[in-house]
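Let me begin by presenting the structure, written as structure tokens, before commenting on it.
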Amino acid sequence: MKKKLHAFLLFPLVVIFSKTLKGKKEDYTNFISNDKRELKNQTILEVTCKDYDLMGDLHMFFDKKSPIYDKTLIKFKLDVSVPAEDDKMFSFDFLHVVNIYHAMSMLSARIPNENIFVEFEISNYKLNETQLNQLLRYILIVFGSRKVDRLYLDIENFDEKSKESLTYFLKLLNSSKTLKFTQSRGLYVLTCEDKKNMFDIVWSKGQDIELTDFGIVYDKFGKEIKKDIKVSNSPIIALHKT
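All letters in the sequence shown, in the order written, are residues 3 to 244 by the working numbering.
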């Protein structure tokens, strides 16, 4: 009862802090990885998130009897049939949930490190087109938050078509830095830069939006789109004009 009351009183502070704290991560070398050897010699606070049970996890960050942790690892049990942009518990979408876990970690006196690790656990690795699009958007939201040091995801487990797209995004994100992430009226724009180009990764939550002013545009498999270019729930990559 005492733990529940403590969590109830702390939660509004965590939510406020999550909205005011800006992510600072820029360099995302090896952002997507399946190599967890770096965790072996560290004391890790592992939290498993299913159905966004934030209140239930809050006490783990503020337990005065816990050790001092090197890092927080949030394991998300993802249902990729549900869009990342949809509101769930407490009317929070996935970006809000990432921000709140980061705020919990930052506010905790038991965790001195700045950013969190995230791991995606998926029950079905054979994805249809809609599920693949939604998984990509979950990945991009984690990347765009600028509050996560590493995303653990075993790409080799997926079907060949999904693996092709995920491998393309792995190469793209692992060699880029994020400059800005904006969302307005269901339009999401993640502006990034690598050694050669500045580019936007763009998708929409709702209706398709036709593009009339663009340079070179690639689809989620890294293939150039030359006609009928539009923003949809399938992320596209648009190079900035030089």
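We put the CB at the ideal spot given by N, CA and C, even for glycine.
query, result
"Span of the beta strand (DSSP E) around Glu121", "Ile118 to Ile124"
"Element boundaries [beta strand (DSSP E), containing Leu95]", "Residue 95 is actually Asp in this sequence, not Leu. Taken as a continuous stretch (DSSP letters only), Asp95 belongs to no beta strand (DSSP E), as it is neither H nor E."
"Unbroken stretches of the beta strand (DSSP E), 3 residues or longer, contained in the segment 43-81", "46-51 and 73-80"
"Short Cβ contact (8 Å threshold) for Asn36 with Asp156", "yes"
"Endpoints, the alpha helix (DSSP H) within which Val144 is located", "Glu131 to Ser147"
"Residue nearest to Asp161 in terms of C-alpha spacing, selected from Ile102, Phe145, Asn130 and Ser107", "Asn130"
"Same chain only: Cβ atoms within 6 Å of Met3, ignoring 5 sequence neighbours per side", "Confidence at Met3 is low in this model, with a pLDDT of 41, below 50, so its placement is unreliable and the value that follows should be read with caution. Same-chain partners within the cutoff: there are none."
"Minimum C-alpha distance to Phe171 - residue among Leu189, Met62, Phe33 and Tyr103", "Phe33"
"Whole-angstrom C-beta distance between Lys222 and Ser178, which should lie under 8 Å", "In fact, because the Cβ distance is near 16 Å, the residues do not count as touching under 8 Å."
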